[in-house]
Amino acid sequence: MKRETDYGYQIKPVYTPKDIEGFDYQRALGDPGAYPYARGYHETGYRSRMWTQRMTAGLGSSSDANKVLKKYREMGQRGGMQVIHDRVSCSNIDSDHPLGRREAGILGWPGSSLLEFEELMEDIPLTGQSITVLGSSAPSPLRLAYLIVLAEKRGVALSEIHGSVMESPFENYMGQTDVQPLELNLKLFLDVCEYVIRNKIRMRAAIISQHFQESGGNNAQALGVVLSMLKEICGRLIDERGLDFDDVATLPYELVTVGSRFFEEIAKIRALRRMWAKLAREHFKAKKEKSCHLLIAVHTSGRTMTYQQPLNNIARCAIQTLAGAIAGCTALDNATFDNAHAEPSELAARMSLNTQHIVAVETGATDVVDPLAGSYFVELLTDKVEEEGYKMLAKIDELGGMIAAVRKGFITDMLNQEANKKFLEIERKERLVVGVNHLVIPPDEEFEVPIQEVPPDSNAESIARRMEQWKKTRDQAAVRERLSRLHGDAKKGDRFNLMPAIIEAVRVYATAGEISGVIRMARGLSYDPFEMIECPFELHQTACA
Amino acid sequence: MNAGTGIKVIVTMIGLDGHTTGAETVSMILRDAGIEVVYLGCNQTPEMIVDAAVQEDVDIIGISSHAANYDQVIQVVNLLRAKNIGDIPVICGGNIPRSRFGSLKGSGIAEIFPPGSSSEAIVGYIVNNARKAYAAPIPEALRAS
């Protein structure tokens, strides 16, 4: 069995003061609340603010997802909600698209119109909790527009709403795919980020390493990749959109995957805080102290949730949740014990949320900030993962930054190699996983866990048919007029911000497929990314062809 | 290892599923076993997969499913049968609940490899069940008992 970190550092049987010789507390860690923030941003940690405890929702129709969100609130999820798009709306096509009607609502929320968002949020407050809706990069501007329009309709001040609805274009290369070209996703992502910053909207942009790690990437690579992503996006918002770093720094939201290698995961998060603080201060010349703080949420690893003996996953989830808590996260969402089988059942979701509540109130882990500080082992691991992370950052810098690295295939190649390495490690029993390659039981001794099925009356076809019917009831002239304006704006170059025109189109219930379609056309692309349907509107000025 | 020399297989995602890690790892395993892999990647409809199977004249089709879109996998089997090439076995891997195995196999899916399946099991199945005879003899270790 290997005794090494996932990035190949050989772990010794014992650590002593010699391993951290020259360790300078103030320089390496600082007190909690002080630069370089390795120990966290709050002097009193969770005593001043408990992490946001939440679960992912999204399956079946919007009304189905709404019921789940309400159920989660009953289970004690009050600080924030998190919804994931289905595969259809992730690609900015509608549920009545020929491909949409095959899988609308199957693996997430079918969020391709304001109508769906209104149903999703029925009787759920927009304020007093963080609103997180993610899934892929392409729908980012739509999600923000849904939120803005719904807030207006409810008479809620936009300044009262916070959360995260934007997702970086890099997720596309880390297993969170949509079908939009990189250039278009990047342009729209910068548009939505610029819009949020200029209008002082408290919405965060997910620039996250979660998918990178869930697709196989190791801890050190993840640090290098996330720093590269942050550097690229912040740099572009400053250089191309004329924004100030201290405003841009309010934007990023980092979701870190935490697996079962307890100490290494804690070290990674401590290192990340320190690396961001240095990037902010030294590279971007931050003027505000707050700009050195990176919002870090934790996702306990779905990848580690085994198909075999799913109840074992409850133990894994608890260990990972404790690691996330000790590392000092801002929010935490769990993979569930049935993760390798289906979307979370009510039982599995309750189990995961309760795991968080148990860690929060029963273990004492939340009484003290950064309790592992000063451990020879943990400080050494923090330094090591940081050192290796910086090597990856330097390599990506050499390639010309994150976008260049993506275009050169560097990121996908690296992920493939790592995923293959991890598979072989398990197959060769170099890493043991109980129930998978260690202490395996025969399939007939396995027992079935309850599987969450899509409710029969809201299958993909019925979601599609509803969308088809509903489209006919809209004010067609208004939809056409707003889409024509958007089409015109989309021809005005990459730096012309499309958010105002997108918000106006969403307001009259233009759909994801339509909005994305006319933007694509203005850029010389086909209306439909799959080239199966034509633009249903005659756009003003420019013919739809 | 060259147990699979002469066999040609499609490995593909189906529908809008983007969880490619499994498909890419399986492609590596199969190539290491000497099998020729045509990897189609994401956003493949059942129609596209069957067209590719005809064009590439493959011996077996492997579909990676992590998005609960089983209906589309069954659709592949039905389309192959309609084209009179139903003898190309369709196998499937991914996070498919055991409770679904019966209905999927009943619909013509030849075999299902859930997470944790070994390279040996996957390669062995393909070597023994791919559509046509091929150059290399089946090694003793992989021969069906």
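Chains as they are written, first to last, in the working numbering: chain A, 1028 to 1572; chain B, 156 to 300. Where is the CB? At the ideal position from N, CA and C, for every residue including glycine.
Annotation: Cβ neighbours of residue 183 (chain B) in chain A (cutoff 7 Å, chain order): 1447. By the C-beta criterion, the segment 1506-1515 of chain A is judged to be in contact with the segment 1534-1550 of chain A, since at least 3 inter-stretch pairs fall below 8 Å. A residue is called buried once 16 or more other Cβ atoms fall within 10 Å of its Cβ, and residue 1212 (chain A) is buried on that count. In the three-state DSSP reduction, residue 1557 (chain A) falls in the coil class, being neither helix nor strand.
Around residue 1398 (chain A), the same chain offers 1353 and 1392 as residues with beta carbons nearer than 8 Å, after the five sequence neighbours per side are excluded.
In terms of Cβ geometry, residue 164 (chain B) and residue 213 (chain B) form a close pair [threshold 8 Å]. As computed with DSSP, residue 1359 (chain A) is found in a beta bridge with A:1080 and A:1325.
Secondary structure at residue 1318 (chain A): helix, using DSSP grouped into helix, strand and coil. When DSSP reads this structure, residue 219 (chain B) sits in a beta bridge with B:168 and B:248. The shortest CA-to-CA distance from residue 207 (chain B) to any of B:224, B:188, B:167 and B:221 is the one to B:167. Residues of chain B whose Cβ lies closer than 7 Å to the Cβ of residue 1202 (chain A) are, in chain order, 173, 174, 175 and 176. Proximity of chain B to residue 1118 (chain A) at the Cβ level (cut-off 7 Å) is accounted for by 171, in chain order.
Using a Cβ distance threshold of 8 Å, residue 1057 (chain A) and residue 1064 (chain A) count as a contacting pair.
In the structure shown, residue 1148 (chain A) falls within a coil segment according to DSSP collapsed to helix, strand and coil.
Here residue 1149 (chain A) is exposed. Its C-beta has fewer than 16 other C-beta atoms within 10 Å. Under the Cβ criterion of 8 Å, residue 199 (chain B) is not counted among the residues facing chain A. DSSP lists A:1158 as the beta-bridge partner residues of residue 1108 (chain A). If you look at residue 191 (chain B), you'll find it in the beta strand (DSSP E) that goes 191-196. Interface residue (Cβ-Cβ distance to chain A less than 8 Å): residue 279 (chain B) is not classified as such. Setting aside the 5 residues that flank it on each side, residue 1368 (chain A) is surrounded in the same chain by 1334, 1337, 1476 and 1478, each with a C-beta closer than 8 Å to its C-beta; the list follows chain order. With a cut-off of 8 Å on Cβ pairs, the segment 1095-1107 of chain A is not in contact with the segment 1414-1434 of chain A, counting fewer than three such pairs.
In the three-state reduction of the DSSP assignment, residue 1237 (chain A) falls in the helix class. If you compare the alpha carbons of A:1548, A:1030 and A:1498 with that of residue 1537 (chain A), the shortest gap goes to A:1498. Residues of chain B whose Cβ lies closer than 7 Å to the Cβ of residue 1133 (chain A) are, in chain order, 222, 223 and 224. Burial is judged here by how many other beta carbons sit within 10 angstroms of a residue's own beta carbon; residue 1214 (chain A) has at least 16 and is buried. Of the other Cβ atoms in all chains shown, fewer than 16 fall within 10 Å of the Cβ of residue 1484 (chain A); this residue is therefore exposed. Residues of the segment 253-280 of chain B with a C-beta atom less than 7 Å from some C-beta of chain A are 253, 254, 269, 270, 271, 273 and 274, listed in chain order. Using a Cβ-Cβ cut-off of 8 Å, residue 1369 (chain A) counts as an interface residue toward chain B, since at least one Cβ of chain B sits closer than that to its own. Residue-level contact by beta carbon holds for residue 1443 (chain A) and chain B, with a gap shorter than 8 Å.
The secondary-structure analysis by DSSP pairs residue 267 (chain B) across a beta bridge with B:247. By the C-beta criterion, the segment 1076-1091 of chain A is judged to be in contact with the segment 1375-1390 of chain A, since at least 3 inter-stretch pairs fall below 8 Å. Secondary structure of residue 1191 (chain A) (DSSP, three-state): strand. Nearest C-alpha to residue 200 (chain B) among A:1130, A:1060 and A:1109: A:1130.
Assignment of residue 1232 (chain A) by DSSP, reduced to helix, strand and coil, places it in the strand class. Restricting attention to A:1449, A:1290 and A:1469, the CA atom closest to the CA of residue 1400 (chain A) is found in A:1290.
Within 7 Å of the CB of residue 250 (chain B), the CB atoms of chain A belong to 1334, 1367 and 1368, in sequence order along the chain.
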